[in-house]
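Q: For reference, the structure I am asking about is given below.
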Amino acid sequence: MTQEERMEFIKFAIEMLGGPTKASNTLGVSNGTVHAWIKAGRISDIDKARMVSEQTGCDLNILRTLS
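The sequence shown begins at 11 in this note's numbering and counts up one residue at a time.
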């Protein structure tokens, strides 16, 4: 999976939560953190990634991928 594809996957998962602002409120993080995840193409916090996975059905391994 390319960096661009990872970014799109994270963006898709965040949109499934209602967008960056709603996702940040739901997950208890700042809006900037959510945008950083999208830009990085991964959710660095395992607990937050697990929450996103549980709420969206998105694959946890892809949400957390390092490469």
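All C-beta atoms, glycine included, are put in the ideal place defined by N, C-alpha and C. These numbers come from a predicted model, not from an experiment.
Excluding sequence positions up to five away, which residues of its chain have a Cβ less than 8 Å from the Cβ of residue 49?
A: Position 39 of the sequence shown holds residue 49. Cβ neighbours of residue 49 beyond the five flanking positions: 17.
Q: Between the Cα of residue 66 and those of 29, 13, 15, 42, spot the shortest distance and give me the residue it belongs to.
A: Locating residue 66 in the sequence shown gives position 56, counting from the first residue. Nearest option by C-alpha distance: 29.
Q: Could you give the C-beta distance for residue 37 and residue 11, rounded to a whole number, given that I count them as a contact under 8 Å?
A: Taking the first residue of the sequence shown as 1, we reach residue 37 at position 27. Taking the first residue of the sequence shown as 1, we reach residue 11 at position 1. So it is not a contact: roughly 23 Å between Cβ atoms.
Q: So, with DSSP's three-state summary, where would you put residue 57?
A: Within the sequence shown, residue 57 is the residue found at index 47, counting from 1. Three-state result, residue 57: helix.
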